[in-house]
Amino acid sequence: MQQYTYVIIGGGIAGTTAAETIRKNDPTGSIAIVSEEPYVCYSRVLLSKPAWVLGEQPFDNVWLKKDDWYTENDIHLFKGLSAVTLDAGRKNVALSDGDELQYDKLLLATGAHNRKWNVPGADKRGIHYLRTVDDARAIGEVAQGGPKRVVMVGSACVSFEIIEILHSRGFTVTEVMREKYFFEPQLSQEGVAPIERTLEEKGITIIREMEVAEVLGGDHVVGVRLADGTELPCDIILPFIGVELPVDWLKAAGIATHKGIYANQYLETNAPDVWTAGDTAECWDLALGEAVIMGNWMSARLQGEIAGKNMAGPERTPFEQVSFHTSHGFGYLIGWTGDVRPLPDRTIVHIPIENDEQDHCRILVRHGRIIGGTTVNRPDLMSAITKLIKARVDVSGALEGLRNGNIDIKSLVL
Amino acid sequence: MADLREYPRNKEGSTISKIVVDRDLCIAAVSCIAVAAETWELDDENKVVIKDADSVDDATLIASAEACPTKAIYLYDTEGNQVFPK
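Residue numbers (numbering that gives the first Met the number 0), protein chains in the order written: chain A, 0 to 413; chain B, 0 to 85.
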């Protein structure tokens, strides 16, 4: 049994930023970070970027901290261990090596895990996921080797980015998606059509509204059989089918969870002296008036900072942010700002812009205010939308003008 | 050698006098642009460059650097000390 003032479960950007912030505000309290991966904190977003996957940049650029940083700041990093049980009453956490940590204050920043692909045969060799440094190294090795036939499963950012990388290396790519189009439903079908056209022109096969029924092969993958019976030969399969949040062990401890770990706007969970931050946090959003999971780098970093500040005390700061993220590929820059879920209570307004055949912009409006937006190739509009969401500008009188192009959305920014 | 690009900042009252972008690390996530569109823009190579180094206050400039998912933005004070990332 070891005792620490602050115990942080998760060594990613949320947990590490929290530790950094705690140290700034509390120079003497002892801090421990428990990280499932045997590494220091790194930039997860780099793992799907061409220069790193293809080895054009030194892989070492992914590390955001050095071992020395932990020592200098007196932060103990438990590498390669996970937390297995929590006793919130006795304030202790049991680790996978049998050791126990006693805490005064606890942060749950456990991040997301890749959803495991459960089709028959999904345990064969030749199937790669992408979330961790080790995953990225394995995919890098494949990408830097000779061209292969790859089946991609899933239609979100990471698939999109990896398709471009493998295509650039001469791979034959077949994309199999459950959805009608890439990025559904966060972008409109019209907005995505030019992107898909570009992919198809470059020789990528897109099979829509389809699932893989079975992975074929002996020890190693040799192909897939689709739900309609079609068989596709392939050498590797990359199933990027979303994430799961590991909350079962916390449920058993009485921590309130839904998909993620519930928290209020101060990132406090229902248990005393337990906070949460990052991809696994489902925290109260003051602007939206509901609990949301953010699941992006920017929010994870800021939540880590706010949680760290609140843990060190004595003030309580709410988490408030209009977050966004982007994805690149095949010459397109796609941006998501704020809440982009096209739920029934939102009005979707397509904004006509120049070069509308390639570029795209749409906003989501609720109760007269913009709450989210998506753009293709227009980072400048992303910035305008972010400001309008943040300032909660009432745009109800301008919707018609925005829709027909008589009002420039940038002119609404105060 | 890293591909670093330096930009002077001469904003009155600011303690930050130099901004450096590591172009190798920039992946055009444009997080900095969303925080401070007055300061940053994308160039033809899809790398972030300075549009106006003096456009925002120190807190906003630091927030825009903090938002970068690859820590590609460095800030220096008038003495030449790195103020971000620390």
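Note that CB positions come from ideal geometry on N, CA and C, so glycine has one too.
Interface residues of chain B facing residue i [CB-CB closer than 7 Å]
i: A:Q1; result: Correct list: empty, because the minimum Cβ distance to chain B is about 28 Å.
i: A:S298; result: Within 7 Å Cβ-Cβ: nothing; A:S298 doesn't reach chain B, min ~10 Å.
i: A:S382; result: I32, A33, A36
i: A:G97; result: By Cβ distance, chain B contributes nothing, its closest Cβ being about 35 Å from A:G97, past 7 Å.
i: A:P378; result: V29, I32, L41
i: A:T385; result: A33
C-beta neighbour in chain B for residue i, strict 8 Å
i: A:F159; result: no
i: A:P193; result: no
i: A:R327; result: Reading off the sequence, residue 327 of chain A comes out as His, not Arg. True, the Cβ-Cβ gap to chain B drops below 8 Å.
i: A:F323; result: yes
i: A:T279; result: no
i: A:L76; result: no
i: A:G11; result: no
i: A:G14; result: no
C-alpha distance - residue i paired with residue j, whole-angstrom precision
i: A:V291; j: A:R340; result: 11 Å
i: A:V92; j: A:L85; result: 5 Å
i: A:T20; j: A:S29; result: 13 Å
i: A:I8; j: A:L106; result: 6 Å
i: A:R22; j: A:G303; result: 13 Å
i: B:P7; j: A:Y128; result: 43 Å
i: A:H324; j: B:K50; result: 21 Å
i: A:V118; j: A:E230; result: 15 Å
i: A:T316; j: A:K308; result: 8 Å
i: A:L249; j: A:L94; result: 13 Å
i: A:Y331; j: A:I194; result: 7 Å
i: A:Q1; j: A:Q264; result: 31 Å
i: A:F170; j: A:P146; result: 5 Å
i: A:F58; j: A:T346; result: 44 Å
i: A:G259; j: A:R136; result: 28 Å
i: A:A252; j: A:K90; result: 11 Å
i: A:A383; j: A:F77; result: 42 Å
i: A:A155; j: A:V364; result: 23 Å
i: A:R377; j: A:A87; result: 47 Å
i: A:L266; j: A:A306; result: 6 Å
i: A:G120; j: A:G216; result: 8 Å
i: A:P37; j: A:G79; result: 4 Å
i: A:N403; j: A:G396; result: 13 Å
i: A:L413; j: B:A28; result: 25 Å
i: A:W62; j: A:C40; result: 6 Å
i: A:A13; j: A:R300; result: 5 Å
Residues that residue i bridges to, as DSSP identifies them
i: A:T325; result: A:G334
i: A:A31; result: A:V6, A:H75
i: B:F83; result: B:L74
i: A:A290; result: A:W283
i: A:A13; result: DSSP output for A:A13 lists no bridge partner at all.
i: A:D393; result: A:R368
i: A:I205; result: A:E174
i: A:G414; result: Not covered by the structure: residue 414 of chain A. The range shown for chain A is 0 to 413.
Where residue i meets chain A, residues with beta-carbon distance less than 9 Å
i: B:T69; result: S42, V44, L45, K48, N60, V61, L63
i: B:D57; result: Chain A residues near B:D57: none, gap ~17 Å exceeds 9 Å.
Residue range of the alpha helix (DSSP H) that includes residue i
i: A:Y69; result: 66-71
i: A:D247; result: 247-250
i: A:K386; result: 378-390
i: A:E189; result: 188-200
i: B:A62; result: 57-65
i: B:R4; result: No alpha helix (DSSP H) contains B:R4, which is instead part of the beta strand (DSSP E) from 3-7.
i: A:Q101; result: A:Q101 -> not in any alpha helix (DSSP H); beta strand (DSSP E) instead, spanning 99-107.
Any C-beta of chain A under 8 Å from that of residue i
i: B:V29; result: yes
i: B:A52; result: no
i: B:A66; result: yes
i: B:I49; result: no
Residue interval of the beta strand (DSSP E) (run including residue i)
i: A:N418; result: Residue coverage of chain A in this structure runs from 0 to 413, which leaves residue 418 of chain A outside it and unanswerable.
i: A:A280; result: 280-284
i: A:C360; result: 359-365
i: A:T84; result: 82-86
i: A:P238; result: 235-238
i: A:R300; result: Run containing A:R300: none in the beta strand (DSSP E); it sits in the alpha helix (DSSP H), 296-311.
i: B:I32; result: Counting along the chain, B:I32 falls outside any beta strand (DSSP E), though it belongs to the alpha helix (DSSP H) covering 30-34.
i: B:S16; result: 15-21
i: A:H349; result: 346-349
i: A:R148; result: 148-152
Partners in chain B for residue i, counting only beta-carbon separations shorter than 9 Å
i: A:F239; result: Per Cβ cutoff of 9 Å: no residues; A:F239 is ~18 Å from chain B at best.
i: A:Q424; result: Only positions 0 to 413 of chain A appear in the structure, and residue 424 of chain A is not among them; the question remains open.
i: A:L165; result: Here the premise fails: no neighbours, minimum Cβ distance about 18 Å.
- Taking a Cβ distance cut-off of 8 Å, strictly less, list which residues of the region 332-354 of chain A are near chain C, in chain order. Included in the structure are the protein chains A and B, with no chain C among them.
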